[in-house]
Amino acid sequence: MRRRTGRLRAAAAAALFALGATFLAPPPTAAATAAHDSDDYCQGQCADILPPGATGNATLVQILGNKLFGTHPAHSTDQIAPYNALAGGYRSLTDATLTDFFNDASFGVPQDQVGSVTRPRSDVTITRDKKTGVPHIKGTTRYGTEYGAGYAAGQDRLWLMDLFRHIGRGELTSFAGGALANQGLEQQFWPSAPYTEADLQKQVDAIRNGNGARGQQAMADAQAYVDGINAYREQSKNGRYFPGEYVLTGHIDAITNAGEIQPFKLTDLIALASVVGGLFGNGGGGEVPSALALLSAQQKYGLEKGTKVWESFRERNDPEAVKTLHDGQSFPYAVKPARARGTALPDRGSVTAEPLVFDRTGAAASKSATPPRDPVRAPEKYRELEGLFKDGVLPKGSFDPTRRRGMSNALLVSGKHTASGHPVAVFGPQTGYFAPQLLMLQEIQGPGISARGASFAGVGMYVQLGRGQDYAWSATSAGQDITDTYAVDLCDPDGSAPTKDSTSYRYHGSCLPMEKLERTNSWKPTIADPTAAGSYRMQVFRTKYGIVTHRATIGGRPVAYTALRSTYRHEADSIIGFQMLNDPSYVHDARSFQQAAQHIGYAFNWFYADSRDIAYYNSGRNPVRNPDVDAALPVRAEPAYEWQGFDPATNTAAYTPPAQHPQSIDQDYYVSWNNKQAKDYDSAGFGNGSVHRANLLDDRVRALTKEGGVTRAALTRAMADAALTDLRGEDVLPELLRVLDSKPVADPALRTAVQQLDAWRKDGAQRRETTPGSHTYAHSDAVRLMDAWWPLMVKDVFRPGLGGDLYDALNANLAIDESPSAGHGPTGAHAGSAFQYGWWSYVDKDLRAVLGDRVQGPLAARYCGNGDLSACRDTLLTTLRQAGARTAAQVYPGDDNCKAGDQWCADAIVHRAVGGLTHDKMSWQNRPTYQQVVEFPAHR
1 MRRRTGRLRA AAAAALFALG ATFLAPPPTA AATAAHDSDD YCQGQCADIL PPGATGNATL
61 VQILGNKLFG THPAHSTDQI APYNALAGGY RSLTDATLTD FFNDASFGVP QDQVGSVTRP
121 RSDVTITRDK KTGVPHIKGT TRYGTEYGAG YAAGQDRLWL MDLFRHIGRG ELTSFAGGAL
181 ANQGLEQQFW PSAPYTEADL QKQVDAIRNG NGARGQQAMA DAQAYVDGIN AYREQSKNGR
241 YFPGEYVLTG HIDAITNAGE IQPFKLTDLI ALASVVGGLF GNGGGGEVPS ALALLSAQQK
301 YGLEKGTKVW ESFRERNDPE AVKTLHDGQS FPYAVKPARA RGTALPDRGS VTAEPLVFDR
361 TGAAASKSAT PPRDPVRAPE KYRELEGLFK DGVLPKGSFD PTRRRGMSNA LLVSGKHTAS
421 GHPVAVFGPQ TGYFAPQLLM LQEIQGPGIS ARGASFAGVG MYVQLGRGQD YAWSATSAGQ
481 DITDTYAVDL CDPDGSAPTK DSTSYRYHGS CLPMEKLERT NSWKPTIADP TAAGSYRMQV
541 FRTKYGIVTH RATIGGRPVA YTALRSTYRH EADSIIGFQM LNDPSYVHDA RSFQQAAQHI
601 GYAFNWFYAD SRDIAYYNSG RNPVRNPDVD AALPVRAEPA YEWQGFDPAT NTAAYTPPAQ
661 HPQSIDQDYY VSWNNKQAKD YDSAGFGNGS VHRANLLDDR VRALTKEGGV TRAALTRAMA
721 DAALTDLRGE DVLPELLRVL DSKPVADPAL RTAVQQLDAW RKDGAQRRET TPGSHTYAHS
781 DAVRLMDAWW PLMVKDVFRP GLGGDLYDAL NANLAIDESP SAGHGPTGAH AGSAFQYGWW
841 SYVDKDLRAV LGDRVQGPLA ARYCGNGDLS ACRDTLLTTL RQAGARTAAQ VYPGDDNCKA
901 GDQWCADAIV HRAVGGLTHD KMSWQNRPTY QQVVEFPAHR
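The letter at position 293 of the sequence shown is residue 293 when you use our numbering, and the numbering goes up by one with no holes.
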């Protein structure tokens, strides 16, 4: 990066003043008057936090200031410091000091804390507090209330909402530029939720017309919300205080103000909902790679033993798995049948992925790792902003809906075990870290609505995770199986023999044409994205059994594999449940909360706390399957194996009744970190075994509950302690050390390495700074050893016994590692969330078996040293020696954010820019992005 001279800085400063005359500030706000709400029963004992800050829009002047001087708009970064500080301050945390790390989440704003008041209409006010800038929307009419919510969303997230509606529609490159990351993002998202405009409108109409008065009210609320967004959109455009990214991406001319921010419409909300639901509320799918792993196992071991080996790695109902419902409750769902029928395994070597992209032109046709560029020169005064999005408007790897993203956690303790006698909860969604954040905080008060909390920008008609007058709720991604893979027989209408490329298929005896859905995108270079002009066409085929994902043969006959998701064509139906959660006349206790959650179709674990009870409910449109169908594998597309009551025209079916969903009221405690819900509620994917990151919570909360007298601070400390702990170090390293210590370690270097690892384990196996801000880990050598050792050790323990093909096939279903610095995990590097997906259970079960321990649900074979303790020890020592020889620069090779060898930085959380602003890094913590700490002392 070239040095900026003092002369350049002076010129830039002058440019800022010059631009200020063109890009005006928002209009002045009304006098500051507001007060606390009398319907708040939390009495100052509700707190929350959401980094980086409430403000998510930045004008062109502000973006330029950020790039030149590191300045930020007010309230765009003020939550980073308190959020970050918890990692170093949690050990001495008390109830009295919680507000050093969280904000008061009381309703309303005290008069002396009012920062601004905006009145976009006569029937609504938007009050922002001085400390955080969070919008508190209060309306006297329902329409005005929702209009205000939309207006506030426009104030805080206009560019972000616009970006994500285009992602949902598969139009990102046409909107933001042709950078490779943009191409990749729309190619990942659109095939999972491809719709025509008519499809989107049908979903709007179905919600309005198919849910009685609540459906009509929901769409009226949504329309008011859109009207509010559009009012701000138009006012900010005319007033020239709109987000500066619109200039940089060529939508508005910086000098003349010519151009347009396209109006929002109701169908945009469906597209936005498809992005949110696809990322965080989906479950199941992946049956094709699962089948390929099964075939590899059967090829290696033979049919019977190979199937047993595959089942043992699948861990679909592992008896040692940590469960949210830990009192033995059983909720059978998607269970393995005694004798499966209709399973549709492909012929070996016949599977090919369905092609997506066609007709590439210009830069899109380039084979280079960096596509050709044709830079657009910016006016001199903001030359520094050229190429701002050259690597994509979202960093590569920020999202991938095809990879499982188990995120969010929850800790709740019944009042029977707390100091006050009232329940305590610490919970929130773990949605990644972005600038601005995907979520936005708001309080909404109006007729039939009373809530404060977080909502995904663009679909924030209601608070989606937060608190009501005398209760709070939150969710974690559940991931149960609501997506199935069908094998449809291919055919040709003329009766000739079909091939794998055929575009017609058999349905109930007829040969039907597949429906072709297309999206053609083109772009040209802009100031922000210099990628040269190009275009391409995306194409998917839709059948009555879902979207075609692969082609194969079965017994030599050509088939297409399709993915059928129960929430497809129902992307926003969950709005009814959220409406209920915001309605104080509907939710008044734990049971009514569960009834509200039943109206949410996406796969989530919902948690609730008030002054009397804690509760849990698992939501989702769980289809009723033929009991002989194995939901873990592809199934034949025949009437006998369809979902019961299946109607392909509306993608509806019979769903398991609410009583069959995992649920509970007043268990002694609940924990969730995307783990198994309950006994017999079969896991939709690999990875729910004896070691799971939820063990980090369960062990701590169980101990607190047993001791009693739990406080908000104590439960927060448990969460924060788990957030810094290396799962491998706490729950697998003890067995590794037992194997190594089965004989004295003679080699001095290896003995030192073992001692370092053991000292780290005894000190909590954490990845924490020596002192806050030191950017150096305690036990840094041990942490480096574990990071280097784990992938080497797993490979040498399992690959020799499994063989290369099966090892790779299993790895395709479950990554080996997801440490904070392992950028190959489903969340990518610098994402915060870690230790969800990995081979921890496999190593744990295998080593315990080799050591002679009792293992429930063991692997079907022993792998480390082929089951011999001495040979296993040799493998561990050999790989530990290899790990010890790797330098810090080799273990942490560096990237765009970090120098090679910087261990702290390799773990650090980076707020991924979704616009023109960038923020400081935060120390690694494995905790929710938006987080509540609540204890209600009173009830209505």
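Each residue gets a CB set at the ideal place from its N, CA and C atoms; glycine is no exception. Predicted model, so just to flag it, every value in this text is computed and none were measured.
According to DSSP, residues forming a beta bridge with residue i
i     : result
Y586  : For Y586, which the question treats as bridged, DSSP gives no partner whatsoever.
W1002 : This structure does not reach residue 1002, given that the chain is present from 1 up to 940, and the question cannot be answered.
R519  : M538
P513  : S504
P558  : T553
F434  : R912
C491  : S504
Where residue i sits in the DSSP three-state scheme
i    : result
R751 : helix
I63  : helix
A54  : coil
S780 : helix
H136 : strand
R169 : coil
T94  : coil
M793 : helix
A831 : coil
C905 : helix
T879 : helix
Q201 : helix
D253 : coil
Y863 : coil
E354 : coil
R948 : The first residue shown for the chain is 1 and the last is 940, placing residue 948 beyond what the model contains.
Whether residue i touches residue j by CB criterion (8 Å)
i    : j    : result
A722 : P423 : no
D628 : G284 : no
A410 : F280 : no
I137 : I444 : yes
Q766 : L724 : yes
L86  : V413 : no
E260 : S690 : no
V463 : G453 : yes
S290 : N813 : yes
P800 : S312 : no
T553 : P346 : yes
Y225 : E315 : no
P379 : A254 : yes
L880 : A753 : yes
A220 : L269 : no
V850 : Y561 : no
Buried or exposed (CB count within 10 angstroms, at least 16 for buried), residue i
i    : result
Q216 : exposed
T94  : exposed
K762 : exposed
I575 : buried
I167 : buried
N622 : buried
N866 : exposed
S455 : buried
K367 : exposed
Q594 : buried
S502 : buried
S870 : exposed
| request: Tell me, please, whether the segment 716-731 touches the segment 695-707 by the rule of three or more beta-carbon pairs shorter than 8 Å. | output: Yes: at least three Cβ pairs fall under 8 Å.
| Touching or not, the segment 69-82 and the segment 119-126, by the rule of three or more beta carbon pairs under 8 Å? | no
| Is the segment 914-924 touching the segment 410-428, taking contact as three or more C-beta pairs under 8 Å? | no
| Does the segment 235-254 come close enough to the segment 468-481 that 3 or more CB-CB pairs lie under 8 Å? | By the Cβ test, the segment 468-481 is not in contact with the segment 235-254, since fewer than three Cβ pairs between them sit closer than 8 Å.
| message | Counting beta carbon pairs with one atom in the segment 292-305 and one in the segment 200-214, are three or more of them shorter than 8 Å? | response | no
| field | Three-pair Cβ contact test at 8 Å for the segment 487-498 versus the segment 163-178 | value | Taking one beta carbon from each stretch, the segment 487-498 and the segment 163-178 have fewer than 3 pairs nearer than 8 Å; the two do not touch.
| request: Would you check if the segment 150-168 and the segment 529-548 touch, i.e. whether three or more CB-CB distances between them fall below 8 Å? | output: no
| query | Does the count of Cβ pairs from the segment 652-668 and the segment 325-340 closer than 8 Å reach three? | reply | With a cut-off of 8 Å, the segment 325-340 and the segment 652-668 count as touching, because enough Cβ pairs lie within range.
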